[in-house]
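For the sequence shown, this note's numbering gives the first residue as 98, with consecutive numbering after it. Just so you know, even glycine gets a beta-carbon here, dropped at the ideal spot from N, CA and C. Fair warning: this is a prediction, and the values are worked out from it, not measured in the lab.
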Amino acid sequence: MTKGNDKHIVVVGGGIIGCSTAYHLLKAGTKKVTLLEAVEPGKATTGAGAGFVSHWSAGMVLMGAEGLTLQQYGLDFYRMLHELGTEIGYRKNGTLMMALTSQGREDFVMPVLTSPYAPKEMQDLNAAQIGAIMGGLVDPAKVHSGAYNPHGIQVDTTLALGVLLGEIEKFGGTVRSGTRVTSITEADGKVTLETTIGKIEADGVVLAAGAWNNELLNGLGWRLPMLRVVATRVVTDDRGLPSTLPTIQCRELRLWLRETFGAVMWGTGSHYIPLHRLGGDEIEPGRPHNEELMQAMVDQQMEKLEPVFPPLRDSKLASWTQGIPCYTPDVGLLVGHVPGHESVVVVGGDNESGVTHGPGLGRLATEIILDREKIIDPTRFRVDRYASDAFKDEAAVEASMPAWSARHGAHRFAAAAE
Numbered sequence: 098m099t100k101g102n103d104k105h106i107v108v109v110g111g112g113i114i115g116c117s118t119a120y121h122l123l124k125a126g127t128k129k130v131t132l133l134e135a136v137e138p139g140k141a142t143t144g145a146g147a148g149f150v151s152h153w154s155a156g157m158v159l160m161g162a163e164g165l166t167l168q169q170y171g172l173d174f175y176r177m178l179h180e181l182g183t184e185i186g187y188r189k190n191g192t193l194m195m196a197l198t199s200q201g202r203e204d205f206v207m208p209v210l211t212s213p214y215a216p217k218e219m220q221d222l223n224a225a226q227i228g229a230i231m232g233g234l235v236d237p238a239k240v241h242s243g244a245y246n247p248h249g250i251q252v253d254t255t256l257a258l259g260v261l262l263g264e265i266e267k268f269g270g271t272v273r274s275g276t277r278v279t280s281i282t283e284a285d286g287k288v289t290l291e292t293t294i295g296k297i298e299a300d301g302v303v304l305a306a307g308a309w310n311n312e313l314l315n316g317l318g319w320r321l322p323m324l325r326v327v328a329t330r331v332v333t334d335d336r337g338l339p340s341t342l343p344t345i346q347c348r349e350l351r352l353w354l355r356e357t358f359g360a361v362m363w364g365t366g367s368h369y370i371p372l373h374r375l376g377g378d379e380i381e382p383g384r385p386h387n388e389e390l391m392q393a394m395v396d397q398q399m400e401k402l403e404p405v406f407p408p409l410r411d412s413k414l415a416s417w418t419q420g421i422p423c424y425t426p427d428v429g430l431l432v433g434h435v436p437g438h439e440s441v442v443v444v445g446g447d448n449e450s451g452v453t454h455g456p457g458l459g460r461l462a463t464e465i466i467l468d469r470e471k472i473i474d475p476t477r478f479r480v481d482r483y484a485s486d487a488f489k490d491e492a493a494v495e496a497s498m499p500a501w502s503a504r505h506g507a508h509r510f511a512a513a514a515e
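Listed below in structure tokens is the structure:
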């Protein structure tokens with residue numbers, strides 16, 4: 098790779114990870130940065146994200162101190178975007194891990210409260226206290242207790258990405274929408290990208306294309322162990338809710354739920370479906386639109402949710418969208434040089450936490466491609482911790498993740514999809 102500030106670095110993928118990478122490259126003094134997006138930035142999984150960020154290493158995901166550093170960086174990064182003065186839906190409302198039963202408290206709340214990564218401000222709330230902070234969103238008679246982290250935030254992912262794109266352009270970056278990369282080759286420290294608008298030469302490339310990363314890696318002789326899943330979020334009509342309510346995680350319902358501009362936004366892992374069950378490995382850029390899956394989620398879950406969340410009663414469906422998060426067998430992120438290719442870095446394996454980790458992953462990918470001091474030791478998330486041929490296909494990746502299948506209820510879709 099060329100040394101100094103005269104590098105041309107291409108970033109492939111216009112979600113939060115790719116946009117964060119482009120931003121950090123420019124802030125690091127890279128002279129020429131080109132961001133390529135097959136559709137439009139934010140029109141795939143990031144734009145379908147629920148937009149809540151917290152300290153997930155505290156008893157929720159196994160990402161340790163390295164993950165915690167990235168999570169805190171994400172919290173700080175979105176505050177920075179908010180302070181630029183343009184509305185991004187930023188709310189410092191906190192995050193509540195809520196249990197419905199004493200067993201739920203033991204299984205899901207206590208690991209958060211006792212985690213060595215829990216901030217000192219973490220609070221142990223009883224049902225009455227939950228009712229008090231949830232402003233009518235939760236019926237306290239239906240819940241047991243919860244762990245409340247006041248540092249959790251909420252953002253609107255589309256608005257936040259719009260502000261970040263403005264910063265990229267302000268610092269001189271080039272954003273090319275509607276530009277699909279068809280192949281990548283590397284020779285003599287240079288990278289050639291064949292695209293739908295012609296050939297692009299670069300000194301380095303960062304692949305941040307999410308569910309499409311493996312398509313791009315084909316020509317480089319590597320494959321990431323990712324299980325791509327279709328995840329659905331729905332938004333009700335305006336229920337008159339205040340903008341001060343914490344985000345709720347309820348593992349007993351496999352549920353996340355939050356207020357958004359007066360409405361309720363929610364989704365449940367029990368209705369995530371692995372993409373391979375829908376047939377075919379190749380997918381068009383952008384978001385899936387499986388209305389049958391969405392309707393099944395709403396029809397099957399509302400009866401369970403309405404008693405706990407009274408504003409859902411008599412609510413109407415205002416909008417819905419789907420994204421394709423990518424899970425890894427160890428629920429760890431993936432970032433580093435593509436083995437055998439010192440001018441190509443790949444970053445992904447969001448494990449449905451790309452909005453939280455995206456800012457920090459973008460910084461880390463920048464530090465790796467520029468060979469700078471790094472925000473964390475990336476060893477935990479190295480790309481080659483699994484061999485390229487460790488899994489023959491995504492069905493094999495899923496089979497290696499029985500805990501994921503149990504948690505998300507993937508088995509219930511097998512008969513219908515096969």
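Count the other CB atoms, across all protein chains shown, that sit within 10 Å of the CB of residue i; report buried if there are 16 or more and exposed otherwise.
| i | result |
| --- | --- |
| I96 | Residue coverage of the chain in this structure runs from 98 to 515, which leaves residue 96 outside it and unanswerable. |
| N223 | exposed |
| E356 | buried |
| H508 | Reliability fails at H508, whose pLDDT of 40 lies under 50, so the model's placement of it is uncertain and the value that follows must be treated cautiously. Label assigned to H508: exposed. |
| P322 | buried |
| H519 | The requested residue 519 is not part of the displayed model; the chain covers only 98 to 515. |
| S416 | exposed |
| M177 | exposed |
| A513 | Confidence at A513 is low in this model, with a pLDDT of 32, below 50, so its placement is unreliable and no value can be given for it. |
| T142 | buried |
| T183 | exposed |
| E400 | exposed |
| A469 | According to the sequence displayed, residue 469 carries Arg and not Ala. With fewer than 16 other Cβ atoms within 10 Å, it is exposed. |
| T310 | Note that residue 310 is Asn in the sequence shown here, rather than Thr. Buried, because 16 or more other Cβ atoms sit within 10 Å of the Cβ of N310. |
| L414 | exposed |
Return the CA-CA distance between residue i and residue j, expressed in angstroms with no decimal places.
| i | j | result |
| --- | --- | --- |
| R277 | P475 | 29 Å |
| A328 | D300 | 36 Å |
| M235 | G376 | It should be noted that the sequence gives Val, not Met, for residue 235. For V235 and G376, the distance between alpha carbons rounds to 39 Å. |
| K140 | T365 | 21 Å |
| E203 | S212 | 13 Å |
| A229 | Q169 | 27 Å |
| V443 | P404 | 44 Å |
| V150 | N448 | 14 Å |
| R320 | L181 | 39 Å |
| T279 | H373 | 22 Å |
| H454 | P208 | 21 Å |
| V260 | A306 | 20 Å |
| W363 | G148 | 11 Å |
| R482 | A119 | 26 Å |
| R351 | T425 | 19 Å |
| R410 | G337 | 13 Å |
| G164 | W153 | 8 Å |
| G429 | G156 | 15 Å |
| A225 | P499 | 36 Å |
| A284 | V441 | 11 Å |
| P237 | C347 | 14 Å |
| T166 | L467 | 20 Å |
On the three-state DSSP scale, how would you describe residue i?
| i | result |
| --- | --- |
| W309 | helix |
| M177 | helix |
| T205 | First, the amino acid is wrong: residue 205 is Phe here, not Thr. Helix, per DSSP. |
| A496 | helix |
| F488 | coil |
| H438 | strand |
| L171 | Note that residue 171 is Gly in the sequence shown, not Leu. Looking at G171 - three-state DSSP - the assignment turns out to be helix. |
| E388 | helix |
| K401 | helix |
| T276 | coil |
| D481 | helix |
| H152 | coil |
| V108 | strand |
| R336 | coil |
| T282 | strand |
What residue does the beta strand (DSSP E) around residue i start on, and which one ends it?
| i | result |
| --- | --- |
| R330 | L324 to T333 |
| V235 | From DSSP, V235 is part of no beta strand (DSSP E); its letter is neither H nor E. |
| K287 | K287 to T292 |
| E356 | L352 to T357 |
| G301 | G301 to L304 |
| K129 | K129 to L133 |
Between which two residues does the alpha helix (DSSP H) containing residue i stretch?
| i | result |
| --- | --- |
| R273 | Looking at the DSSP string, R273 is not in any alpha helix (DSSP H); the run it does join, the beta strand (DSSP E), is T271 to R273. |
| I113 | I113 to K124 |
| I265 | T254 to K267 |
| A462 | G451 to I466 |
State yes or no: is the beta carbon of residue i nearer than 8 Å to at least one beta carbon in chain B?
| i | result |
| --- | --- |
| E312 | Of the protein chains in this structure there is only one, and it is not chain B. |
Touching or not, the region 336-356 and the region 385-395, by the rule of three or more beta carbon pairs under 8 Å?
Not touching, per the Cβ criterion.
Are the region 245-257 and the region 215-222 touching by the rule of at least three beta carbon pairs closer than 8 Å?
The region 245-257 makes contact with the region 215-222; the number of CB pairs closer than 8 Å reaches 3 or more.
Contact between the region 184-203 and the region 332-339 is defined here as three or more beta-carbon pairs at a separation below 8 Å; is this criterion met?
no
Looking at C-beta atoms only, is the number of pairs between the region 265-279 and the region 130-144 that lie closer than 8 Å three or more?
The region 265-279 and the region 130-144 touch, with no fewer than 3 CB-CB distances between them shorter than 8 Å.
Sufficient close CB pairs (3 or more, under 8 Å) joining the region 117-128 to the region 260-269:
Three or more beta-carbon pairs separated by less than 8 Å link the region 117-128 to the region 260-269, which places the two stretches in contact.
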